Each structure stands twice: as structure tokens, then as C-alpha cells.
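Sequences listed follow chains A and B, in order. At position 94 of the first sequence the residue is numbered 94 (this note's numbering), and the sequence of numbers has no breaks. At position 194 of the second sequence the residue is numbered 194 (this note's numbering), and the sequence of numbers has no breaks. Below you'll find the structure, written out as C-alpha cells, and then a few comments.
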Amino acid sequence: MSRRGRILVVIIFIVAAIGFLDAAYLTGNALRGIIPPCTIDGCETVLTSQYAKFFGIPVSLFGALFYLAVLFTAYTFLTAGDTKALRALRILTTIIFLASLGFVYLQLFVIHAICIYCMISVGSSTALFVLSWFLPRKGIDPSLRSG
Amino acid sequence: MKTFLTVGALVVLLVGIMLVFRPAGVPNVDLPDDAKKLLAITPNDHISGDTNASTTLIEYSDLQCPACRAYAPIIEAALAKITATGSTTVRFVYRHFPLTTIHPKALPSAYAAEAAGMQGKFFEMAKIVFEKQDEWAKSLSADELFADYAKSLNLDAARFAADMKSPAVIARVEHDQAVALKLGLNSTPTFFINGKQLAQNPRSVDEFVALLSSAPINK
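Structure (C-alpha cells):
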């Protein structure tokens, strides 16, 4: 992959890190029983809705794990140059993006409130999805192989 | 490159784990001197407990806020626990911070509590309003429900209805709201213990008790 391609994956790595930390923060609040305060922007309405958990597990935890997987695949590609990691990256970013679209729909049309932390995740997932379009489809960069 | 990425990945992972499992410390937010004047207790405040207590807990609250409703029994239990142990004396001060941008009935509910307060039943009305939040928050006739709650407290119905619309009650709520905005608050409930804002709300009765018990004494 060209230098430009490697920079692209580094950007993916950084954006995924932002998404991961955002999801980790929300997960920490959910797991620790913190009661979300009412804010001027109405975040707590979303965080205390029935859609904030999936079978009792905070949705943000799933998000954190997905972002972690994106980080891992980006790291794997950047250090080993394996295109399988790129394929996994595209699949993961697509899944996260589609899930985010669902959450935006829920916020706007069902819950009727928006949470800034959730929208940060939407922004991250959208950026990841768009960036993944520009990833190469095949070929391994020999310069990334170790040894 | 590999070393940079590895270090970066480990830092992100470590910070993420800390965010998930971060300790329950409740740091304070220091406020400037003029803010402390705004927080000074006045005879006009709604005070529950020992008026000469060594510790003051102020809550800026919105009666339509689900989080404030969740904290109401926690505060009640924490104050009862402290009173029972006698470790310190606490006075609880309720101030209005209606989040009118997201809670369309925050003001009417605040007026209802104030109107009840005009007849000496502020905290009793606030308790009922919190307990029945689901009922009136979704109702198209919330004022009628507030009147029913007033009736259950044996308040003068006509006076209650008039006070709910009175300039004095409206001004009272507006004053609290203006002070909250001057303090830079943007969420409810927001707590102050002896003039120090809690950056993070306690999660339990025991955390509240610990904070109140260990607070520096009012000067």
C-alpha cells in the first residue's frame, strides 16, 4: 500500500480510538449505576430509554467492543500489511455504521431526544465507513512485513 | 511506526479500561468568590433539616427531571441516615433549575411546589410531584393533577390556584433559575456541599452520606 494508504489507516485508527473512548465512557456510567443527569440537550432521555440496553447489556458496551475490533484490525494491517485485516475493517465499519443509522432513527423518531455522546459515536462510525471506501481492495505492502 | 502504533494502542486501551472501571471518586469543582455569594443561604430558601447545621447540601433541581426524581429518595435516605448516626448536622436546600428547553412542564411543576410552599408545604408537594412525575409529565391537564395533589395535602385550593399564577411565585422560580445560569450550571440535579459543586453526582445513599460526613464544616 502507498504511504497515502497507510496514513488513511492511521486516521482510521485515531477515529476508532475516539469512538472507543466515547463508548467506554458511556459503558462505565451504565455499569457503575450512575444516574445520568438531565442536561439541557436531553441526553439522559436517550441513555435511560429502553433502547439503551440490549438484553440487559448496555448498547455502548457492544459499541466499545466493535471499535476495539476496528482498532485491532487497523493495528494488524499497519504492522503486518495483511489484507485480510482490511477486509475485516470494511466489514466492521459497515456494521457499526448501519447500527449508528439505526440509533439515529431511534433518537429522532422514537425517543425524540438526542444524546451528544451517542452522536459522537455516530460521527466516528460514519467517518470510519467513509474512510473504509478508500481502502485498497487487494495486495500486500511488502514494506510492512517484518523480517 | 510499529512501536508508535503499539504504544498508541496500549494507551487507548488503558484509558478505555479506566473509563469503564474508573473509581467512584467525586471531585469538587472550585467556584469563584462571586459564585459563593450566589450560593449563600437566605431566609427565602427552602430548607429542610437543622437550619443551623454544620453542613449544607444545595440541590439545583427540575421537578420534571427523571434523574432528580431518582435522587429524591436517595437524598431523603442519606439525610435520615446522617441524622440517625449523629455524625454531623445537615440542612438540605432545594433550588429550582427548570430545564425548560427539554421539559415543557418544568415551570408549571415548579410553580406548583412554590404555591404549596406559600402554604407551608413545599417539600411535601415536591415529594408528591416527583413520585407522580410519570402521571403529570405526560398529561394534557397537568395543572388539574397539581390541584389534586394540593387537595391531598389539605391546601386551600383557591389560594393554591391563584398562587400558581402569581408574580411572586413566578419571580421566585425565575430567580433560582437565573442564579443557576450565572453559576454556569447545565444539568440537574447539581449538588453543592458547603459551597463546593460536586463534579459527579454520588451513586448511592452511602456515597452521599460519606460526602456529607466528611465535608469541611460551614464557616
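Heads up, the beta-carbon is just placed ideally off N, CA and C, and yes, glycines get one too. The structure presented is a predicted model; accordingly, all values stated were derived computationally and were not measured.
Check	Outcome
Beta-carbon proximity check, A:L98 vs A:A74, cutoff 8 Å	no
Counterpart residues of B:I58 in DSSP-defined beta bridges	B:V93, B:F192
Contact check, B:I74 vs B:Y111, beta carbons under 8 Å	no
Residue range of the beta strand (DSSP E) that includes B:I47	46-49
Nearest-angstrom beta carbon gap, A:A64 and A:F77 [assumed within contact, 8 Å]	Contact flag wrong, Cβ pair sits at about 21 Å.
Three CB pairs or more closer than 8 Å across the segment 35-43 of chain A and the segment 61-74 of chain B	yes
Close-in-space but distant-in-sequence residues of the same chain around B:V173 (CB under 8 Å, 5 per side omitted)	H96, P98, L107, A110, Y111, E114
Identified DSSP bridge partners for A:P58	A:K53
Three-way DSSP call (helix, strand, coil) for A:Q107 in this model	helix
Secondary structure of B:S204, DSSP reduced to three states	coil
C-beta neighbour in chain A for B:P167, strict 8 Å	no
Residues of the segment 25-44 of chain A with Cβ closer than 8 Å to any Cβ of chain B, in chain order	Y25, T27, G28, L31, R32, G33, I34, I35, P36, P37, C38, T39, I40, D41, G42, E44
Separation of A:L71 from B:A9, as counted between CA atoms	8 Å
Member of A:R4, A:C43, A:R3, A:R6 whose CA lies at the smallest distance from the CA of A:I120	A:C43
Residue burial classification, B:K151 (beta-carbon count within 10 angstroms, cutoff 16)	exposed
Residue from A:A24, A:T93, A:P136, A:Y51 whose Cα sits closest to the Cα of A:D82	A:P136
Neighbourhood of B:I128 by C-beta, 6 Å cutoff - its chain only, sequence neighbours within 5 removed	Y149
Identity of the residue in B:S214, B:A215, B:A210, B:P202 nearest B:A72 by Cα	B:P202
A:R79: contacting residues in chain B (beta-carbon distance under 7 Å)	It should be pointed out that residue 79 of chain A corresponds to Thr in this sequence rather than to Arg. What A:T79 touches in chain B: K2, L5.
Run of the alpha helix (DSSP H) containing B:L222, from where it starts to where it stops	With chain B covering only 1 through 219, there is no way to say anything about residue 222 of chain B.
Where B:Q119 sits in the DSSP three-state scheme	coil
Under 8 Å between C-beta atoms of A:A69 and A:L92	yes
B:L140, buried or exposed, once every other Cβ within 10 Å from all chains shown has been counted against 16	exposed
Three-state class that DSSP yields for A:T39 in the structure shown	strand
Assigned secondary structure, A:L148 (DSSP; H/G/I helix, E/B strand, else coil)	Only positions 1 to 147 of chain A appear in this structure, which leaves residue 148 of chain A out of reach.
When A:G28, A:V130, A:A30, A:I40 are compared against B:T100, the one with the closest alpha-carbon	A:I40
B:A162 to B:L14 span [Cα, whole Å]	59 Å
For B:I102, the nearest candidate out of B:F160, B:D62, B:A78 (CA to CA)	B:D62
Cutoff 8 Å: B:Y149 Cβ touching any chain A Cβ	no
Close beta carbons around A:F20, own chain, < 7 Å, minus the five adjacent residues each side	A64, Y67, L68, L71
Contact with chain B by A:A69, beta-carbon distance below 8 Å	no
Beta-carbon spacing of B:Y60, B:L185 below 8 Å	yes
Pair within 8 Å by beta-carbon distance, B:T85 and B:D50	no
A:V149 to B:H175 span [Cα, whole Å]	In the structure as shown, chain A begins at 1 and stops at 147. Residue 149 of chain A is therefore absent and cannot be evaluated.
Cutoff 8 Å: A:Y51 Cβ touching any chain B Cβ	no
Residues sharing a beta bridge with B:S187, DSSP	A:T39
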